[in-house]
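K.L.:
Using our numbering, you'd call the opening residue of the sequence shown number 1 and step up by one each time.
Below: one structure in structure tokens.
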Amino acid sequence: MAITASGLYGLTLEKMMISTALPTSGLESATAVKCQLVLDALTPNFDSNAFRSSNTSNEVSGTGYTAGGVILASPAVTLASTVLTYDTADPSWASSTITNAMAAVGYFARGGADTADELVWLSDFVTAASSSAGTFTVQVAAAGWWTLDYS
């Protein structure tokens, strides 16, 4: 078989994503990957923002919302047909009043200062979302939070 394409080696990439060098099992940690909600005032810099402290002043607040967000349940990194996917259960905040949440940010919670919590992704809602004494749910896409086609 001839070489016909450039690409990354998926199993190694997958191992990096679930590495123990990252908090407990990497992205598949049942305790260390969290989701916080942020306002549209946040200007993310995907090249230079490395820690949650970059977002703290633009995090939403409100009844039923705890600063730092929630732990993501049922995390899974999967590999199929040269596509690496990250998915979790839909995060939610029960009995909450949250105003103008514009994005969800996934990060590794180190258990200390926000200056140590590594940012992983930001998912833009496109339109601000709110809740009023109800459940605020981020519906994760059927394909997961994100996919990486490495071929």
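Cβ atoms here follow ideal geometry from the backbone N, Cα and C, with glycine treated the same way.
What residue does the beta strand (DSSP E) around D152 start on, and which one ends it?
P.N.:
Residue 152 is absent from the model: the chain starts at 1 and stops at 151.
K.L.:
Contact between the segment 73-85 and the segment 103-117: three or more CB pairs below 8 Å?
P.N.:
As far as the Cβ criterion goes, the segment 73-85 does not touch the segment 103-117, which means the pair count is below three.
K.L.:
Counting C-beta neighbours from all protein chains within 10 Å, is the total for Q139 16 or more, i.e. buried, or is it exposed?
P.N.:
Exposed, because fewer than 16 other Cβ atoms sit within 10 Å of the Cβ of Q139.
K.L.:
Below 8 Å on the Cβ atoms is my contact criterion, and I expect T127 with S96 to pass it. Report the Cβ-Cβ distance as a whole number of Å.
P.N.:
Incorrect: roughly 18 Å between the Cβ atoms, too far for contact.
K.L.:
On the criterion of 16 or more Cβ atoms from any shown chain inside 10 Å, does N55 qualify as buried, or is it exposed?
P.N.:
With 16 or more Cβ atoms within 10 Å of its Cβ, N55 is classed as buried.
K.L.:
Put L27 into one of helix, strand or coil per three-state DSSP.
P.N.:
In the structure shown, L27 sits in a helix (DSSP, three-state: H, G or I).
K.L.:
From the DSSP output, in three-state form, read off T127 for me.
P.N.:
The answer is strand: DSSP assigns T127 an E or B state.
K.L.:
Looking only at its own chain, which residues have a Cβ that is under 6 Å from the Cβ of S53, when we skip the five neighbours before and after it?
P.N.:
Only D114, T115 meet the Cβ criterion.
K.L.:
My understanding is that P91 touches A30, with C-beta atoms under 8 Å, so please give their C-beta distance in whole angstroms.
P.N.:
Contact doesn't hold; Cβ gap of about 14 Å is too wide.
K.L.:
Here's a check: name, in chain order, each residue in its chain whose Cβ is nearer than 8 Å to the Cβ of A89, leaving out the five neighbours to either side.
P.N.:
Cβ within range, chain order: L72, A73, S74, V140.
K.L.:
For the segment 47-129, list the beta strand (DSSP E) runs that are entirely contained and at least 3 residues long, ordered along the chain.
P.N.:
As far as the segment 47-129 is concerned, its whole beta strand (DSSP E) runs of at least 3 residues are 76-80, 83-87, 92-108.
K.L.:
Once you ignore the five residues that flank S61 on each side, which residues in its own chain have a CB closer than 6 Å to its CB?
P.N.:
So no residue of the chain qualifies.
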